[in-house]
Structures are given as C-alpha cells and as structure tokens.
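Numbering (the numbering used here), first residue to last: 550 to 737.
Written out below as structure tokens is the structure these notes cover.
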C-alpha cells in the first residue's frame with residue numbers, strides 16, 4: 550500500500566478535519582480510523598482543527614489536514630507532490646521534519662520539490678529530472694552541483710554552508726533562461 554499527498558489542496562465538501570484525515574484509513578473500523586486520524590492531526594500540529602470544516606481553513610491548515618490523511622494511512626510508502634508549496638517557512642520545515650521522521654521509522658518516502666535548498670537539507674537522495682529524463686541521482690550535494698543546476702534550471706548557482714545546512718546562492722544566466730530557453734542560454 551502507498552499513501553499519496555497531492556499538490557492540489559482543494560477539497561470538495563466542507564467536512565470536519567477529523568473526517569478528512571480518517572479517509573486515509575478506509576479499511577479500519579470507524580472508531581479506529583478516527584483514532585488514527587486524531588493521532589495524525591496531532592502529529593502535524595493540527596489537532597485543534599479536528600472539528601473545523603476544511604472549507605473554513607486557510608490553505609496551510611488544509612495542507613496539514615491532507616498530510617494527516619496521508620499519514621493516517623500508515624502505508625509502507627508515502628508519495629508527496631510538492632508538500633511545501635505555498636506554506637510559510639515554519640510549516641515547510643514541520644512538514645519535512647514529519648516526512649523525515651517517517652522515513653527514519655522505515656516508511657519509504659518520495660517527495661517532489663522545486664525548492665532546491667529544502668531538498669538539499671532534508672533529502673537523503675535527490676533525483677533531478679529534465680523533461681522527464683534523469684540528469685542526476687545521488688546524495689543531495691552530489692546531485693545538485695552548480696553544473697547540474699546550470700544545465701537543468703538555467704541557474705548560476707553555488708552552495709554556501711550555513712549554520713543549519715547548505716544555502717543556495719543563485720541567479721539566472723540570462724533574461725531568457727529557464728523553461729524552454731535554458732538550454733540555449735546555459736553556458737554549461
């Protein structure tokens with residue numbers, strides 16, 4: 550079994566957070582699913598939202614509820630698509646800390662991120678894709694070299710060691726770099 554955390558945070562019905570999180574455990578009895586959902590909401594620091602309707606929540610609160618739903622599944626693998634997109638910095642760190650804790654406990658965790666600095670600090674392994682093709686697959690700093698970032702993202706970038714891990718210093722190579730123009734303008 551695998552759990553999936555989508556990037557899209559739209560929820561069609563204004564269900565209470567506890568019920569949305571319990572959807573992650575559909576094969577348990579209602580009582581057990583609600584118990585697991587409450588534990589997952591607490592894990593993502595959203596226990597106080599349990600009885601609130603998701604339509605009344607901010608995007609960040611809804612993101613926590615959807616993460617709780619994925620965690621409530623207690624699946625062997627967790628796939629998270631841009632779980633930090635649109636979140637404030639503290640919430641980004643909380644989400645990645647929870648995912649790392651799950652990985653440390655033996656759950657397979659696969660996360661897609663566009664924030665290279667977060668990937669460098671929190672991933673065990675980074676796979677860089679360009680047009681669906683793997684261009685790097687290694688430990689974070691080995692995968693996110695200045696050359697790979699230039700070729701793939703059109704960035705003039707370098708890593709600086711900060712007190713809490715690597716920091717990315719970057720700029721665009723030219724006005725036209727990025728998207729489809731990056732290969733033409735990249736010096737690497």
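The C-beta atom is built at its ideal place from N, Cα and C for all residues, glycine as well.
Values in this document were obtained by computation on a predicted structure and should not be read as measured data.
Looking from the CA of residue 594, the closest CA among 642, 670, 562 belongs to 642. Inter-residue distance for residue 646 and residue 671 is about 8 Å (C-alpha atoms, whole angstroms). In this structure the stretch 627 to 638 does not touch the stretch 680 to 687; the number of beta carbon pairs closer than 8 Å is below three. Excluding the 5 residues flanking it on each side, residue 553 has same chain C-beta neighbours closer than 6 Å at 628, in chain order. Counting along the chain, the unbroken alpha helix (DSSP H) around residue 644 starts and ends at 638 to 653.
With contacts defined as CB atoms closer than 9 Å, residue 690 and residue 712 fail to qualify as a contacting pair. Exclusion of the five residues before and after residue 583 leaves 567, 571 as the residues of its chain whose Cβ lies within less than 7 Å of its Cβ. Around the beta carbon of residue 665, 16 or more other beta carbons sit within 10 angstroms, so the residue counts as buried.
Apart from the 5 residues on each side of it in sequence, residue 558 sits with its Cβ closer than 7 Å to the Cβ of 608, 611, 612, 615 in its chain, given in chain order.
Excluding sequence positions up to five before and after residue 625, its CB lies within less than 8 Å of the CB of 550, 551, 656, 657, all in the same chain and listed in chain order.
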